[in-house]
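0 is the number of the first residue of the sequence shown in numbering that gives the first Met the number 0; add one for each residue after it.
Note sheet for the following structure.
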Amino acid sequence: MLKVFHFSNKPPFPLKDGGCIAISSILKSLLSSPNLEVTHFTLYTHKHPFNIESYPESWIKRMNILSGFVNTKTDLLGALIHLVTNKSYNVTRFYDKKVAQKLKEELEQGEYNIAILESIYLLPYLQIFKDNDVKVIVRAHNIEHQIWAGMGENSSSTLKRWYYQKLAKQLLTFEISELSKVNGIISITEEDAKFFQQFEPEVMTTAIPTSVKTNFPEADYSKSDFYFLGAMDWMPNQEGVQWLINKVIPEGLTGTRLYVGGKSLKEGEFDHPSVENCGEIKNAIDFITAHGICIIPMQSGSGLKIKLLENMAMGKPIVTTTEGVRGVNITHNKEVLIADDPDEFRELMYKLHLDEKLRKKLGTQSKLYIRNNYSEEKITRRLLAFLKDI
Numbered sequence: 000m001l002k003v004f005h006f007s008n009k010p011p012f013p014l015k016d017g018g019c020i021a022i023s024s025i026l027k028s029l030l031s032s033p034n035l036e037v038t039h040f041t042l043y044t045h046k047h048p049f050n051i052e053s054y055p056e057s058w059i060k061r062m063n064i065l066s067g068f069v070n071t072k073t074d075l076l077g078a079l080i081h082l083v084t085n086k087s088y089n090v091t092r093f094y095d096k097k098v099a100q101k102l103k104e105e106l107e108q109g110e111y112n113i114a115i116l117e118s119i120y121l122l123p124y125l126q127i128f129k130d131n132d133v134k135v136i137v138r139a140h141n142i143e144h145q146i147w148a149g150m151g152e153n154s155s156s157t158l159k160r161w162y163y164q165k166l167a168k169q170l171l172t173f174e175i176s177e178l179s180k181v182n183g184i185i186s187i188t189e190e191d192a193k194f195f196q197q198f199e200p201e202v203m204t205t206a207i208p209t210s211v212k213t214n215f216p217e218a219d220y221s222k223s224d225f226y227f228l229g230a231m232d233w234m235p236n237q238e239g240v241q242w243l244i245n246k247v248i249p250e251g252l253t254g255t256r257l258y259v260g261g262k263s264l265k266e267g268e269f270d271h272p273s274v275e276n277c278g279e280i281k282n283a284i285d286f287i288t289a290h291g292i293c294i295i296p297m298q299s300g301s302g303l304k305i306k307l308l309e310n311m312a313m314g315k316p317i318v319t320t321t322e323g324v325r326g327v328n329i330t331h332n333k334e335v336l337i338a339d340d341p342d343e344f345r346e347l348m349y350k351l352h353l354d355e356k357l358r359k360k361l362g363t364q365s366k367l368y369i370r371n372n373y374s375e376e377k378i379t380r381r382l383l384a385f386l387k388d389i
């Protein structure tokens, strides 16, 4: 029996964003194996509170669940100090002495074999695992510094551009330094795995994507309106929607509308005659089912876009950017439509809006692609094989 300690930077439930979905996905894979004894320790914050009742009852019975609060609210003084000392403020906000003590006590009595850390932001706790002879695997949802570097490149503000680039350099230094000390790295895309292998050649690295549910009914391809669903407390999502509104449809849409929903979406945000602000969405599946064409206008980021996989699994026709399909080996005009130029993006939106046969063709191919590459059974087998080899 292998004892696995799963450590996450936020609770997986409720499934509010792509990060939560990715965390719940790997937990589901771990719990499906009768040869693993699993303890799940999650940090929680003001943005992501912990409520054990939001976990499936069968999961509560199957694993030990622990939690610890960290105050990740930013303050100007802390940001300035880290800027001057050239340390990553993004990372240190996730460290808490009480959490460290709770971890220490659990690891000393638990006799764990392997720990899976769901983010580089949990690496400040690394030494506690090392002190207890626990092999550590970091699951990198993204290459964090690339997100900030991308936002810096796309920013029109000189000050923001400088600050984001500074954060990116600090994170890159941290990633390279700390990941050299772990036993394994699981990236979510092959592209990210190649990056880690380049800088950490001695660390066992693999790419295991997030699995997605595949048993959805056929989509209604008569629906031709547009929608975007994504957490608005993640800056690349804000950036993408702003690009869509300001560059792609500045003069509005003719004969249709864009429905925008997501966590932390404020009333009055994205004020535009063709945009419907739907606020926070209680049921993502119902929202996606109610609308026609998925828009994923990502301009920066890293890792796998969970929203892409989910919508493909549901057979939804999609218009996206090169960044939106990063890490997924799909083809323009086969599974999705892809454009980076605002005018071309708008043309593809209208093309799909006016052609029901094309909507069905893309949706059907997307669904087939997900079933062949991202099913829960296939992903679980790959994960368990990697744990065995560590």
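No residue lacks a Cβ here, since even glycine has one placed at the ideal position from N, Cα and C.
- The beta-carbon separation of Leu307 and Val318, rounded to 11 Å, does not stay under the 8 Å limit for a contact.
- Going by beta carbons, Thr188 and Arg370 fall outside the 8 Å limit.
- Burial check for Gly254: the Cβ neighbour count within 10 Å stays below 16, so the residue is exposed.
- Inclusion of Leu351 and Ile292 in the CB contact set at 8 Å is warranted, their separation being smaller than that value.
- Residue range Phe225 to Leu228 is occupied by the beta strand (DSSP E) that includes Tyr226.
- Of all C-beta pairs linking the stretch 5–22 to the stretch 114–121, three or more are shorter than 8 Å, placing the two stretches in contact.
- Non-local beta-carbon contacts of Asp339 in its own chain, meaning distances under 7 Å to residues more than five positions away in sequence, involve Thr320 and Thr321 in chain order.
- Annotated three-state conformation of Arg138 is strand, per DSSP.
- Here Tyr43 carries a strand assignment [DSSP, helix/strand/coil].
- Note that the C-beta distance between Lys366 and Ala312 is below 8 Å.
- Residue environment: Thr71 is assigned as buried (16 or more neighbouring CB atoms within 10 Å of its CB, all protein chains considered).
- CA-CA distance, Pro200 to Tyr124, rounds to 23 Å.
- CA-CA distance, Ser156 to Tyr162, rounds to 10 Å.
- Restricting attention to Thr209, Leu178 and Pro11, the CA atom closest to the CA of Gln197 is found in Leu178.
- Assignment of Ile244 by DSSP, reduced to helix, strand and coil, places it in the helix class.
- With 16 or more other Cβ atoms inside 10 Å of its own Cβ, Ser23 counts as buried.
- The stretch 199–216 makes no contact with the stretch 230–244: fewer than 3 CB pairs, one atom from each, lie closer than 8 Å.
- Residue environment for Asn328: exposed (fewer than 16 other C-beta atoms within 10 angstroms of its C-beta).
- The closest CA to that of Glu334, considering only Lys315, Glu343, Arg345 and Asn282, is found on Lys315.
- Contact check for Arg138 and Ile185: beta-carbon distance about 5 Å, within the 8 Å limit, so the pair qualifies.
- With a cutoff of 8 Å on beta-carbon distance, Ile51 and Pro208 are scored as not near each other.
- DSSP places Tyr163 inside the alpha helix (DSSP H), whose first and last residues are Thr157 to Leu178.
- Of the residues assessed, His39 falls on the buried side of the cut-off, its CB having 16 or more other CB atoms within 10 angstroms.
- A check of alpha carbon separations from Val181 across Val211, Glu190 and Leu121 identifies Leu121 as the nearest.
- Annotation for His352: the continuous alpha helix (DSSP H) segment containing it runs Pro341 to His352.
- For Ser53, the CB contacts under 6 Å within the same chain, skipping 5 residues up- and downstream, are Phe12 and Pro13 in chain order.
- In the structure shown, the three-state DSSP call for Glu110 is coil.
- In the same chain as Tyr258, and ignoring 5 residues on each side of it, the C-beta atoms closer than 6 Å to its own belong to Tyr226, Glu275, Cys277 and His290, in chain order.
- One alpha carbon belongs to Gln164, the other to Leu243, and they sit about 24 Å apart.
- A Cβ-Cβ distance of about 4 Å is found for the pair Gly239 and Pro296, placing them in contact under the 8 Å criterion.
- Within the same chain, and ignoring the five residues on either side of Arg345 in sequence, the residues whose Cβ sits closer than 8 Å to its Cβ are Val247 and Ile248.
- With 16 or more other Cβ atoms from the protein chains shown falling within 10 Å of its own Cβ, Met62 counts as buried.
- The beta carbon of Thr41 sits closer than 6 Å to the beta carbons of Ser7, Pro10 and Ser66 from its chain, once the five residues preceding and following it are set aside; these are given in chain order.
- The continuous stretches of beta strand (DSSP E) do not include Phe286, which lies in the alpha helix (DSSP H) extending over residues Ala283 to Ala289.
- Gly251 is classed as exposed because its beta carbon has fewer than 16 other beta carbons within 10 Å across all chains shown.
- When the beta-carbon positions are compared, Tyr220 and Lys359 come within less than 8 Å of each other.
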